[in-house]
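**Q**
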Amino acid sequence: MVEQLLIKDIDNCHVPDANLLVTEDDTPVDNLASAKQQRLLVGSLYSSLQNQVFLSEANVGVYHTDGEPAIVPDVFVSFDVEIPENWWEKQNRCYFVWKFGKTPEVVIEIVSNQEGGELDKKLHIYEKMRVFHYIVYDPNLHLGDKILRVYSLKARRYVETTNNWLEEIGLGVTLWTGKFEDKQGSWLRWCDQNGNVLLTGDERAQQEKQRTQSAEERAQSAEERAQLLAERLKALGVDPDSI
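Take the sequence shown: its position 203, counted from the start at 1, is 199 in the working numbering, and no numbers get skipped.
1) Going by the CB atoms, is the gap between isoleucine 165 and glutamate 105 shorter than 8 Å?
2) CA-CA distance, arginine 185 and serine 148?
3) Which residues bound the beta strand (DSSP E) around glycine 174?
4) Assess contact between the region 187 to 202 and the region 152 to 170, defined as three or more Cβ pairs (one per stretch) separated by less than 8 Å. Is contact present?
5) Determine the closest residue to glutamine 72 out of Gly57, Thr173, Ala222, with distance taken between C-alpha atoms.
6) Does glutamine 180 come out as helix, strand or coil in the three-state DSSP assignment?
7) Between the C-alpha atoms of glycine 112 and threonine 157, what's the straight-line distance to the nearest angstrom?
8) Any idea what DSSP makes of lysine 98, helix, strand or coil?
9) At the level of alpha carbons, what is the spacing between glutamate 85 and asparagine 55?
10) Are tyrosine 59 and cysteine 90 close, meaning C-beta to C-beta below 8 Å?
11) Helix or strand or just coil, what does DSSP make of valine 38?
12) In angstroms with no decimal places, state the Cα-to-Cα distance between glutamine 180 and alanine 151.
13) What does DSSP give as the partner residue(s) for phenylalanine 75 in the beta ladder?
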């Protein structure tokens, strides 16, 4: 029966049956630092790129080749795709390359130890998938003396580059020191071409609050100066209302 086959024939195209694939195994995030870093990268995109169509997720499986298991990036970004409305259905729970019609443009791996294969096994998988940019963030230098490695696809192979500006998607990455979710530290952030980081929702709210406070302070200062001038005019016998 068709239901028993792994491969379905749809419009003469062979598509793996999602019902027979592992779309989630409930494996938890490996550590708190990685979880926060992932939230920062994903959240700042959604708060800053509100006029663009894209999908960015953390720890979601990407199925790329029939017969091979999913690879689970720490963070991926795919432009010009949207989550299906019925996202609880089995065939919509993961990123199936054959369903979305393309691979993600960017994948980021956050290094927690020396066992992840970020510079060999995973690199070769993303290279084979034709992911434009592969970023390895190694804050504790488990893999050598580089905190940040950026690989760009040239023809069929990855080339490590010192340019952190990803021209194809109009975004860059940068190392930033500051506070996120009440945790002071060094973070990997998205940035624009001038190096300005993409703000999270909380940062935008705080920025707007500061602008409002500054405007109120300027208005109060102007009112105080006007009152002081009026008092001086009165002392000189001049009615300020007549001016």
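All C-beta atoms in this analysis are idealised placements derived from N, C-alpha and C, irrespective of residue type, glycine included. Because the structure is a prediction, the values reported are computed rather than measured.
**A** To lay it out plainly:
1) no
2) 18 Å
3) 167 to 176
4) yes
5) Sequence check: residue 72 is phenylalanine here, not glutamine. Measuring from the Cα of phenylalanine 72, the nearest candidate turns out to be Gly57.
6) strand
7) 22 Å
8) coil
9) 18 Å
10) yes
11) helix
12) 40 Å
13) Phe50
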